[in-house]
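Here the structure is laid out as structure tokens; the discussion comes afterwards.
2 protein chains.
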Amino acid sequence: MAQEDSIKLHRATIVGPGLLGASIAIGLKEKEMIQELWVWLRNESKIKDCIGEDWCDYATINLKEAIQGSDLVVLCTPIETIVKHINLVSEWAKPGCIVTDVGSLKKRICEEAENRFKGKQSFFTGSHPMAGSEKSGMRYADSKILQNKSCIITPTAITDSVSLNKLEKIWEVLGFRVTKMNPDKHDQVVGCISHLPHIMATVLMNTVHNSCPQQMELSGDGLKDTTRIAAGNPKLWEQILLGNKDNLVSLIEEAQTHLQEFKEAIASNNGEKVTESLMQGQEARQCLNDDR
Amino acid sequence: MAQEDSIKLHRATIVGPGLLGASIAIGLKEKEMIQELWVWLRNESKIKDCIGEDWCDYATINLKEAIQGSDLVVLCTPIETIVKHINLVSEWAKPGCIVTDVGSLKKRICEEAENRFKGKQSFFTGSHPMAGSEKSGMRYADSKILQNKSCIITPTAITDSVSLNKLEKIWEVLGFRVTKMNPDKHDQVVGCISHLPHIMATVLMNTVHNSCPQQMELSGDGLKDTTRIAAGNPKLWEQILLGNKDNLVSLIEEAQTHLQEFKEAIASNNGEKVTESLMQGQEARQCLNDDR
Numbered sequence: 001m002a003q004e005d006s007i008k009l010h011r012a013t014i015v016g017p018g019l020l021g022a023s024i025a026i027g028l029k030e031k032e033m034i035q036e037l038w039v040w041l042r043n044e045s046k047i048k049d050c051i052g053e054d055w056c057d058y059a060t061i062n063l064k065e066a067i068q069g070s071d072l073v074v075l076c077t078p079i080e081t082i083v084k085h086i087n088l089v090s091e092w093a094k095p096g097c098i099v100t101d102v103g104s105l106k107k108r109i110c111e112e113a114e115n116r117f118k119g120k121q122s123f124f125t126g127s128h129p130m131a132g133s134e135k136s137g138m139r140y141a142d143s144k145i146l147q148n149k150s151c152i153i154t155p156t157a158i159t160d161s162v163s164l165n166k167l168e169k170i171w172e173v174l175g176f177r178v179t180k181m182n183p184d185k186h187d188q189v190v191g192c193i194s195h196l197p198h199i200m201a202t203v204l205m206n207t208v209h210n211s212c213p214q215q216m217e218l219s220g221d222g223l224k225d226t227t228r229i230a231a232g233n234p235k236l237w238e239q240i241l242l243g244n245k246d247n248l249v250s251l252i253e254e255a256q257t258h259l260q261e262f263k264e265a266i267a268s269n270n271g272e273k274v275t276e277s278l279m280q281g282q283e284a285r286q287c288l289n290d291d292r
Numbered sequence: 001m002a003q004e005d006s007i008k009l010h011r012a013t014i015v016g017p018g019l020l021g022a023s024i025a026i027g028l029k030e031k032e033m034i035q036e037l038w039v040w041l042r043n044e045s046k047i048k049d050c051i052g053e054d055w056c057d058y059a060t061i062n063l064k065e066a067i068q069g070s071d072l073v074v075l076c077t078p079i080e081t082i083v084k085h086i087n088l089v090s091e092w093a094k095p096g097c098i099v100t101d102v103g104s105l106k107k108r109i110c111e112e113a114e115n116r117f118k119g120k121q122s123f124f125t126g127s128h129p130m131a132g133s134e135k136s137g138m139r140y141a142d143s144k145i146l147q148n149k150s151c152i153i154t155p156t157a158i159t160d161s162v163s164l165n166k167l168e169k170i171w172e173v174l175g176f177r178v179t180k181m182n183p184d185k186h187d188q189v190v191g192c193i194s195h196l197p198h199i200m201a202t203v204l205m206n207t208v209h210n211s212c213p214q215q216m217e218l219s220g221d222g223l224k225d226t227t228r229i230a231a232g233n234p235k236l237w238e239q240i241l242l243g244n245k246d247n248l249v250s251l252i253e254e255a256q257t258h259l260q261e262f263k264e265a266i267a268s269n270n271g272e273k274v275t276e277s278l279m280q281g282q283e284a285r286q287c288l289n290d291d292r
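Written as structure tokens, this is what we have:
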């Protein structure tokens, strides 16, 4: 990146520093993109935990105080809270401020933002950095979890091209591979590559637990890998899954068709059909790059 | 383990040294349970590869030569070949020889072995060491893949208790946690904890690949973990799945019920029901110990 393109902001604000928000905060400081890092917290009792972290310069439960005067605002709360905060942030963000979020669904958030940021002098573009884990909480935060992960950003009609370019660079400097698509397409794609896997892992886990609770501990890495994400936060995932209802209902139906075909092939001893499904699965899996 | 209980055999034979067979060979040598390690190979051209490995003392495509004079025979080929070999091995194994296998299904193998080894002076007990990976082949062999994994051994009416105890110790010294159950129960349990996960991973992979082939590469670790085992060898898995038909058809039907309920809960915006399934999945997943 040429010197004149480098990101040098005075202050960034992380609204809701959980695992992802705090990891972003650490990355912003490490890469020297910002001088000051402020956080907004819902819970006053956690202020002292934040202040104790060396990446955090100031922590408050006052959203207005946290937003005003910031050059970059990253909304990292659950989706419902992001939607609620957008109106307030659009009122309080200073001219030129870049506002984004990390919500797993973009259509609803970006529609709300389009309405609220229209005509404002601050700029909103939605982001979905696909980093995280089944763990949650600031204590697991680490900028390494951001490296080589995908970040989808979702420009809309109100998106300002200069701030879009800046936002893209910020994610890239943090370590992400950035892709752009519109919010509708985003929700369809993550329904497929993220939400459906969560549903299938949960269904598998519940089936195994019902069928052989006593023998689950004998399992090899196969079951563990296949169900790891089922350990994710249920309330967070409820919001995500219900928020992507239409895409998910058709994706589940497609999975149901495949599962039914697989069952019929086994039940009828159709080795050719079983092998065909297994080979398609193997080939598709080999397209995924495990090294990043 | 008391000194008098330690395993000291002269010769072991691995029939079919793939990833698992060769890893067992390495472990037997490292733990000094055997002096000589022989292998039987289907393919003459691979003899020189085996002889080149420091854990291999002799390699042959002559099964009789490989079996005669051995104190421990481990059948590590695909299931169909194990079933075919059992009769020959029962004829050629020397008195007192411990014969076992590593097949993923035990009912069919143990039934065949009960018929063939009855009245013989060598002893068969089925084993299922649950180690391995979606990779295959001797070149990935490593005794580390055996550590802290489960091994199910499946005694039957013909099982000799002295050789059963020895076999149990051999697996334990190699690093396994050993559990005993009858062959029928084994097939039901692995249908649940191993075969159903393979089917669900394949179904998910095929659904994702059909729905968003261009965007699969954006996926995070969730999709990768959840589908890793779908990269396994299709021909091997065809044998396993068709060989466990009855158990798998009912397990798939149970998964179908859970999936349908999940879809209905999402389609009807039933947040309570969605959360309930997610919470059950989270709780069940937390029972699995990722550290072993």
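Residue numbers (the working numbering), protein chains in the order written: chain E, 1 to 292; chain D, 1 to 292. Backbone N, C-alpha and C fix where the C-beta goes; we use that ideal spot for every residue, glycine too. This one's a predicted model, so the numbers in the text were calculated from it and none came from an experiment.
Distance between beta carbons of residue j and residue i, contact taken as under 8 Å
| i | j | result |
| --- | --- | --- |
| Ile34 of chain D | Leu28 of chain D | 5 Å |
| Asn247 of chain E | Gly175 of chain E | The Cβ separation is near 28 Å, so there is no contact. |
| Leu167 of chain E | Thr100 of chain E | 6 Å |
| Leu196 of chain D | Ile252 of chain E | No, Leu196 of chain D and Ile252 of chain E are not in contact; Cβ-Cβ is about 18 Å, not under 8 Å. |
| Asp225 of chain E | Ile229 of chain D | 7 Å |
| Ile109 of chain D | Ile152 of chain D | Wrong, their Cβ atoms sit about 12 Å apart, outside the cutoff. |
| Val102 of chain E | Val74 of chain E | 7 Å |
| Ile266 of chain D | Leu242 of chain E | 6 Å |
| Ile67 of chain E | Ile170 of chain E | About 18 Å separates the two Cβ atoms, so there is no contact after all. |
| Asn244 of chain D | Asp291 of chain D | 29 Å between Cβ atoms; not a contact. |
| Met138 of chain E | Pro17 of chain E | 6 Å |
Closer than 8 Å to chain E by CB, residue i
| i | result |
| --- | --- |
| Phe176 of chain D | no |
| Glu168 of chain D | no |
| Ser122 of chain D | no |
| Gly103 of chain D | no |
| Val173 of chain D | no |
| Thr81 of chain D | no |
| Lys84 of chain D | no |
| Arg285 of chain D | yes |
| Ile109 of chain D | no |
| Thr226 of chain D | yes |
| Gly232 of chain D | yes |
Residue i, enclosing alpha helix (DSSP H) - first and last residue
| i | result |
| --- | --- |
| Gln188 of chain D | 183-190 |
| Ile51 of chain D | 47-51 |
| Lys169 of chain D | 161-174 |
| Ala201 of chain E | 196-211 |
| Ile109 of chain D | 107-117 |
Residue i, DSSP secondary structure in three states
| i | result |
| --- | --- |
| Phe262 of chain E | helix |
| Ala12 of chain E | strand |
| Phe124 of chain E | strand |
| Ser150 of chain D | strand |
| Gln286 of chain D | helix |
| Ile34 of chain E | strand |
| Arg42 of chain E | coil |
| Leu72 of chain E | strand |
| Pro129 of chain E | strand |
| Lys224 of chain E | helix |
| Ala59 of chain E | strand |
| Lys273 of chain D | helix |
| Ile7 of chain D | coil |
| Ile240 of chain D | helix |
| Thr77 of chain E | coil |
| Gly142 of chain D | Before going on, a small fix: residue 142 of chain D reads as Asp here, not Gly. Coil. |
| Met1 of chain E | With a pLDDT of 43 at Met1 of chain E, under the threshold of 50, the modelled position of that residue is not reliable, and the figure given next carries that caveat. Correct three-state label for Met1 of chain E: coil. |
| Ile24 of chain D | helix |
| Asp291 of chain D | coil |
| Ile158 of chain E | coil |
| Pro234 of chain E | helix |
Neighbour flag for residue i against chain D, beta carbons, 8 Å
| i | result |
| --- | --- |
| Pro197 of chain E | yes |
| Phe117 of chain E | no |
| Lys180 of chain E | no |
| Thr154 of chain E | no |
| Lys144 of chain E | no |
| Ser277 of chain E | yes |
| Trp20 of chain E | A small correction: the amino acid at residue 20 of chain E is Leu; Trp does not occupy that position in the sequence shown. By this cut-off, Leu20 of chain E is not an interface position. |
| Ile98 of chain E | no |
| Ser150 of chain E | yes |
| Ala2 of chain E | With a pLDDT of only 43 at Ala2 of chain E, under the threshold of 50, the placement of this residue in the model should not be trusted; the figure read from the coordinates follows. Output row for Ala2 of chain E: interface = no. |
| Glu296 of chain E | The question about residue 296 of chain E has no answer here: the residues shown for chain E are numbered 1 through 292. |
Residue interval of the beta strand (DSSP E) (run including residue i)
| i | result |
| --- | --- |
| Val99 of chain D | 98-101 |
| Arg177 of chain E | 177-180 |
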